[in-house]
Amino acid sequence: MSLEVRLEKLEAQHKNLDADMHSLARVCADIKNIALTNQHDITGLKLDVSGVKTDLAAVKACIAALTEATHVGFKRADEQHNTFVKETRQRFDEHDKRFDQVDQRFDKVDERFDKVDERFDRLELLIRQRIPNTQN
């Protein structure tokens, strides 16, 4: 092979190598751009996740507050119910006492009526004994 042919062959290889190097440089630049884009996206996702975590913490706090308020409300309702039941029982006890008193008064009235009935019976007997028998 002549020197010129070899030189042309080397120059062609050099051009091919140079073109390959430029292609490799472009591929590296593309890879770098993709990596930077991915990094940017990852940073954005981390911010989004952080925001979601913050929102979740706020929701948990709201649920805890709602749970506590509900518990307090139920407790207050239970206390009011217990107070109402206690007052109602006291009223029933008072009514029972009054009914017992009324029953006692009725018993006394019944005793009086019984005594009055006895008196009437005695009076009737006395009157019959004193009135002459006119039928004979």
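First residue of the sequence shown? That's 461 in my numbering, and the numbers climb one at a time after it. Cβ coordinates follow ideal geometry from the N, Cα and C atoms, glycine included. Since this is a predicted model, take the numbers as computed values, not measurements.
Item, Value
"Backbone secondary structure at I591 - three-state DSSP", "coil"
"Cβ neighbours of N596 in the same chain (closer than 8 Å, five flanking residues each side left out)", "Note that N596 has pLDDT 49, beneath the 50 cutoff, so the model's placement of it is unreliable and the number below is only indicative. None."
"Reduced DSSP secondary structure (H/G/I, E/B, other) of S510", "helix"
"Inter-residue spacing [alpha-carbon to alpha-carbon] between A524 and Q564", "59 Å"
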